[in-house]
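Data block below; observations after.
There are 2 protein chains.
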Amino acid sequence: MANLPFTHAEYTTRLAKTRAAMAIRGLDAVFITDPSNMGWLTGYDGWSFYVHQGVLLTHEGEPVWWGRDMDVNGAIRTTYLNSDNIVGYEDSYVQNPVKHPMEDLSALIRARGLECATIGLEMDNYYFTASAFVTLQRELPNVRFDDATGLVNWQRAVKSPTEIDYIRRAARIVERMHGIIRERAAPGICKHDLIADIYHASICGADGHWGDYPAMVPMAPSGVDATAPHLTWDDRPMRVDENTFFEIAGAYRRYHCPQSRTVYLGKPPQKFYDAEKAVVEAIEAGLEQARPGNHAEDIAIAFNTRLNQLGFVKDSRCGYAIGMSYPPDWGERTISFRRGDKTVLEPGMTFHFMPALWLDEGGLEITEPILITETGVECFCQTPRELFVKE
Amino acid sequence: MANLPFTHAEYTTRLAKTRAAMAIRGLDAVFITDPSNMGWLTGYDGWSFYVHQGVLLTHEGEPVWWGRDMDVNGAIRTTYLNSDNIVGYEDSYVQNPVKHPMEDLSALIRARGLECATIGLEMDNYYFTASAFVTLQRELPNVRFDDATGLVNWQRAVKSPTEIDYIRRAARIVERMHGIIRERAAPGICKHDLIADIYHASICGADGHWGDYPAMVPMAPSGVDATAPHLTWDDRPMRVDENTFFEIAGAYRRYHCPQSRTVYLGKPPQKFYDAEKAVVEAIEAGLEQARPGNHAEDIAIAFNTRLNQLGFVKDSRCGYAIGMSYPPDWGERTISFRRGDKTVLEPGMTFHFMPALWLDEGGLEITEPILITETGVECFCQTPRELFVKE
Chain A
1 MANLPFTHAE YTTRLAKTRA AMAIRGLDAV FITDPSNMGW LTGYDGWSFY
51 VHQGVLLTHE GEPVWWGRDM DVNGAIRTTY LNSDNIVGYE DSYVQNPVKH
101 PMEDLSALIR ARGLECATIG LEMDNYYFTA SAFVTLQREL PNVRFDDATG
151 LVNWQRAVKS PTEIDYIRRA ARIVERMHGI IRERAAPGIC KHDLIADIYH
201 ASICGADGHW GDYPAMVPMA PSGVDATAPH LTWDDRPMRV DENTFFEIAG
251 AYRRYHCPQS RTVYLGKPPQ KFYDAEKAVV EAIEAGLEQA RPGNHAEDIA
301 IAFNTRLNQL GFVKDSRCGY AIGMSYPPDW GERTISFRRG DKTVLEPGMT
351 FHFMPALWLD EGGLEITEPI LITETGVECF CQTPRELFVK E
Chain B
1 MANLPFTHAE YTTRLAKTRA AMAIRGLDAV FITDPSNMGW LTGYDGWSFY
51 VHQGVLLTHE GEPVWWGRDM DVNGAIRTTY LNSDNIVGYE DSYVQNPVKH
101 PMEDLSALIR ARGLECATIG LEMDNYYFTA SAFVTLQREL PNVRFDDATG
151 LVNWQRAVKS PTEIDYIRRA ARIVERMHGI IRERAAPGIC KHDLIADIYH
201 ASICGADGHW GDYPAMVPMA PSGVDATAPH LTWDDRPMRV DENTFFEIAG
251 AYRRYHCPQS RTVYLGKPPQ KFYDAEKAVV EAIEAGLEQA RPGNHAEDIA
301 IAFNTRLNQL GFVKDSRCGY AIGMSYPPDW GERTISFRRG DKTVLEPGMT
351 FHFMPALWLD EGGLEITEPI LITETGVECF CQTPRELFVK E
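Line order of the protein sequences matches chains A and B.
Taking UniProt numbering, the leading residue of the first sequence gets 1, the next gets one more, and so forth.
Taking UniProt numbering, the leading residue of the second sequence gets 1, the next gets one more, and so forth.
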């Protein structure tokens with residue numbers, strides 16, 4: 001029996017929400033390749049997204065898990081699906097230039113009576129390649145394909161109580177990771193040794209709960225490297241008069257709680273204190289707008305207005321939806337905190353309010369994972385909202 | 001100045017090899033999205049592949065790195081490219097259903113005079129989505145697009161001496177990780193605590209070299225879960241009379257040395273000893289065929305023949321090329337050890353000889369990362385080639 005992270009009733013609700021969205025779009029079926037959507041719909045959990053796989057969902061019956069033969073056992077072990085609805089393809093399709101796994105999927109689609117259906121594809125989600133699309137078009141000339149990018153992701157925006165509990169468990173983990181950074185960062189410590197300690201904490205977990213792998217590895221650049229947001233680590237020692245930001249997440253059963261903080265070793269230049277003050281005040285201004293009924297953009301506008309008043313500018317989005325995820329991204333790829341995003345905030349939505357500044361001298365990341373409540377907002381973490389200075 | 005992992009001369013050689021392959025295929029340019037190919041051609045190293053990005057290479061001049069505005073600094077910090085050849089797109093393109101980053105890339109392609117060119121696309125490599133392709137087709141009606149899946153990957157098959165050195169450093173790391181498993185696996189140890197220790201070792205590194213993040217997380221299922229190859233971990237304690245396989249890799253500057261071993265706590269049933277004997281003998285038979293001039297399939301045929309003689313069957317490929325990689329796969333996605341793969345083995349090629357057996361009772365993984373030498377084969381690791389039994 002699969003050890004499912006949610007009740008059958010919760011999966012039933014998810015399928016119903018997804019089918020309602022499919023009906024509005026006139027879709028007979030969707031083929032879902034985003035691993036987080038596959039997991040959210042069926043429970044499937046395995047590192048097999050490096051080969052073609054997916055979930056086929058129609059309006060009737062269970063979804064169908066389809067993937068590589070050797071991963072059928074993984075689907076049996078992690079989903080609620082009957083074995084009739086777990087279908088494998090032969091191993092010679094794997095990374096073989098003369099044949100494509102989507103030929104096998106096409107046969108399945110025909111076998112399920114969908115050869116003239118309207119089928120939604122996640123055209124811009126992860127792991128659905130251009131070749132996959134071209135092969136399906138060639139093999140299924142009478143299917144009408146429609147773009148269903150994000151269709152399932154949007155159903156995930158409002159979290160259930162169990163999902164929120166899982167994010168809270170992840171929050172305890174990321175708090176612990178930041179505690180370790182605060183304790184151990186020091187001049188002369190090699191970056192990779194500190195990262196090793198952070199990883200160790202993230203998997204040991206916190207508060208009695210184990211840690212899953214986050215969908216991104218720690219980003220931890222120092223000094224001028226920290227003008228770039230997505231560099232990882234190397235073996236250089238941390239130095240006096242240098243800043244390092246740590247963009248990390250705790251994860252529990254694929255649910256993420258990301259949070260970033262910045263460490264300064266030595267006495268920071270006034271510019272860093274000014275930036276810290278501006279970001280913290282602008283976060284407060286943003287949080288005041290974080291409540292049901294407001295729009296996602298209201299948070300960004302309040303944040304940017306206050307930030308600009310204090311002499312700083314940020315020209316990228318300052319937040320995004322979070323929840324269940326697999327590499328390469330712990331975001332949910334739906335709602336963004338930026339001007340023009342008119343999504344109405346609802347209780348149960350979860351975000352990484354991520355107002356990072358990348359200054360000429362280095363980066364300052366002080367961020368807050370948040371939950372929209374019935375009346376306003378709750379920050380998931382108690383990590384002190386400040387630049388960590390170790391003189 | 002970027003801290004490049006290879007000399008300029010080595011990058012020049014890589015560009016020349018790639019351009020020769022482009023010329024044979026009649027390509028004026030290629031647009032490369034696979035992060036490992038981007039890094040191999042330019043040095044680029046950042047966890048930014050969760051948004052659209054790529055490298056545009058023609059027959060003249062430097063490649064062009066193209067990506068999100070905020071990642072321009074990362075490209076400046078990690079590549080040898082002049083800033084003219086590092087081009088960012090505006091942040092509002094990110095995960096925005098009303099516009100697509102490939103519209104911006106199309107403008108760049110026009111600006112570089114390629115609006116009527118023949119351009120190769122990595123149609124089935126990672127992170128090049130169906131939407132990306134459809135958008136490029138729409139925006140560039142006079143470009144002839146051709147499938148260049150794997151074109152760069154194939155240029156990477158024979159490793160340079162520096163690349164081999166990096167894999168050797170990764171080999172020392174994975175040996176150390178297996179040493180820790182051997183030392184600490186015991187009844188009652190919670191799986192996640194052991195995984196935390198393995199991770200810690202992988203990043204602390206070995207033999208004076210730091211550890212980078214492997215492109216896959218450890219896979220470590222126990223008992224019946226180990227009939228499935230790609231499950232990760234949870235918090236259940238390890239138990240007596242249970243097997244667990246550990247599919248892990250060391251990584252140094254994105255170069256991987258994967259190796260798997262299996263631990264049995266208690267006294268294994270005879271079936272496990274039989275399987276161990278069969279796999280070890282079949283590995284020896286395969287290794288005898290691993291030499292320059294032979295075909296990739298020769299290793300698989302020798303392996304499978306001996307395995308079948310000893311009463312076991314494996315119906316999936318038993319090895320693949322390895323080298324530089326990013327998530328979600330540490331394989332190079334070119335050569336496979338399986339019947340029909342007629343690739344001629346050459347000195348400097350590197351593989352994960354990966355003859356895992358997934359039996360009804362659980363998995364047995366005893367694998368060897370190997371280097372084809374001038375005269376035969378070398379195993380990268382000294383990890384004992386056996387089932388680890390801890391009674």
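Ideal placement from N, C-alpha and C gives every residue a C-beta, glycine not left out.
This one's a predicted model, so the numbers in the text were calculated from it and none came from an experiment.
Cross-chain neighbours of A/Pro97 in chain B, by beta carbon under 8 Å: Correct list: Thr149 and Gly150.
Mind pulling the beta strand (DSSP E) runs of 3 or more residues that sit fully within the region 36-116 of chain A? Every beta strand (DSSP E) of 3 residues or more that sits fully in the region 36-116 of chain A is shown, in chain order, as 54-58, 64-68 and 86-89.
Give the single residue among B/Tyr127, B/Trp40 and B/Ile86 whose Cα lies nearest to the Cα of B/Tyr50. The candidate whose alpha carbon is nearest that of B/Tyr50 is B/Tyr127.
Count the other C-beta atoms from every protein chain shown that fall within 10 angstroms of the C-beta of A/Ile283, then say buried if there are 16 or more, exposed otherwise. So A/Ile283 ends up on the buried side.
What do you reckon, is the C-beta of A/Thr7 under 7 Å from a heavy atom of the ligand GTP? This structure lacks the ligand GTP, and indeed carries no ligand of any kind.
Which ranges would you report for the alpha helix (DSSP H) in the region 155-191 of chain A if only whole runs of at least 4 residues count? Runs found: 161-184.
Helix, strand or coil for B/Ile24? Go by DSSP, reduced to three states. In the three-state DSSP reduction, B/Ile24 falls in the helix class (H, G or I).
Considering only residues of the same chain and omitting the five flanking positions on each side of A/Asp34, which have a CB-CB separation below 6 Å? Cβ contact annotation for A/Asp34 (same chain, cutoff 6 Å, sequence separation greater than five): Glu122, Asn125 and Tyr126, in chain order.
Strictly by DSSP, which residues pair up with B/Trp358? In the DSSP output, where bridge partners are listed per residue, B/Trp358 has B/Gly363.
Since B/Tyr199 meets chain A, which of its residues come closer than 8 Å, beta carbon to beta carbon? Within 8 Å Cβ-Cβ: Ala196, Tyr199, His200 and Ile203.
Check whether residue 436 of chain B and A/Tyr213 have beta carbons under 8 Å apart: Nothing in the structure corresponds to residue 436 of chain B, since chain B is present only between 1 and 391.
If distances are taken between C-alpha atoms only, which option among A/Ser36, A/Leu15, A/Thr7 and A/Ile32 comes closest to A/Pro328? The residue with the shortest Cα to Cα distance from A/Pro328 is A/Ser36.
Would you decide whether B/Ser83 is buried or exposed? Buried here means 16 or more other CB atoms lie within 10 Å of its CB. So B/Ser83 counts as exposed.
Coarse secondary structure for A/Lys390, derived from DSSP in three states: The DSSP-derived three-state label of A/Lys390 is strand.
Looking at the C-beta of B/His192, does it have a partner C-beta in chain A at a distance below 8 Å? At least one chain A Cβ lies under 8 Å of B/His192.
Please confirm if the region 360-374 of chain B is in contact with the region 219-228 of chain B, defined as three or more CB-CB distances below 8 Å between the two stretches. Judged by Cβ distances under 8 Å, the region 360-374 of chain B makes contact with the region 219-228 of chain B, as three or more pairs qualify.
Alpha carbon to alpha carbon, how far is B/Asn153 from B/Gly331? Going by the C-alpha atoms only, they are around 10 Å apart.
Cβ shell of B/Pro63 (< 6 Å), same chain only, five flanking positions each side left out: Around B/Pro63: Leu41, Thr42, Val55 and Leu57.
Please report the straight-line C-alpha distance between A/Asn20 and B/Gly286, rounded to a whole angstrom. Rather than Asn, the amino acid found at residue 20 of chain A in this sequence is Ala. Near 54 Å, if we compare the C-alpha coordinates of B/Gly286 and A/Ala20.
Using a C-beta to C-beta distance shorter than 7 Å, which residues of chain B count as neighbours of A/Phe353? Those within 7 Å of A/Phe353 in chain B number zero; the least Cβ separation is about 16 Å.
Own chain partners of B/Ala2 with C-beta closer than 7 Å, once the 5 adjacent residues on each side are dropped: So the list reads Gly43, Arg77, Thr78, Thr79 and Tyr80, once near-sequence residues are dropped.
A/Ala356 vs A/Pro229 beta-carbon contact at 8 Å: Closer than 8 Å, so yes.
Three or more C-beta pairs closer than 8 Å, one from the region 105-122 of chain B and one from the region 138-147 of chain B: is that the case here? They touch, by the three-pair rule.
Taking the alpha helix (DSSP H) that B/Thr135 belongs to, which residues open and close that run? Taken as a continuous stretch (DSSP letters only), the alpha helix (DSSP H) holding B/Thr135 covers Ala130 to Glu139.
The region 334-351 of chain A contacting the region 192-202 of chain A, beta-carbon criterion three pairs below 8 Å: Result no; under three Cβ-Cβ pairs closer than 8 Å.
Supposed close pair A/Lys302, B/Ala130 - CB separation, criterion 8 Å: Note on identity: in this sequence residue 302 of chain A is Ala, with Lys being the wrong assignment. Their Cβ separation, rounded to whole angstroms, is 37 Å, which puts A/Ala302 and B/Ala130 out of contact at 8 Å.
With a 10 Å radius around its C-beta and 16 neighbouring C-beta atoms as the bar for buried, classify A/Gln95 as buried or exposed. Its Cβ being crowded by 16 or more others within 10 Å, A/Gln95 is buried.
To which residues of the same chain is B/Met177 closer than 7 Å at the C-beta, ignoring the five residues directly before and after it? Taking C-beta separations shorter than 7 Å and ignoring five residues to either side along the sequence, the partners of B/Met177 in its chain run Ile198, Ala201, Ser202, Ile248 and Gly250, following chain order.
Could you pull out every residue in the same chain whose Cβ sits closer than 7 Å to the Cβ of residue 446 of chain A, ignoring the five residues on either side in sequence? Here chain A has residues from 1 to 391 only, and residue 446 of chain A is not among them.
Check whether the Cβ atoms of A/Phe388 and A/Glu368 sit closer than 8 Å, and answer yes or no. For A/Phe388 and A/Glu368, no; Cβs fall outside 8 Å.
Bridge partners for A/Val30 per DSSP, in chain order? Note: A/Val30 sits in a beta bridge opposite A/Leu57 and A/Gly120.
Inter-residue Cα distance where the pair is A/Thr7 and B/Arg339: In a straight line, the C-alpha of A/Thr7 is about 44 Å away from that of B/Arg339.
Between the C-alpha atoms of A/Val134 and A/Glu10, what's the straight-line distance to the nearest angstrom? C-alpha separation (whole angstroms): 35 Å.
Three-state secondary structure assigned by DSSP to A/Val279: DSSP places A/Val279 in helix when its eight states are reduced to three.
Output the distance between the C-alpha atoms of B/Ile180 and B/Val263, rounded to the nearest integer angstrom. When only Cα atoms are considered, B/Ile180 and B/Val263 end up about 12 Å apart.
Could you have a look at A/Asn304 and say whether DSSP puts it in helix, strand or coil? Note: A/Asn304 maps to helix in three-state DSSP.
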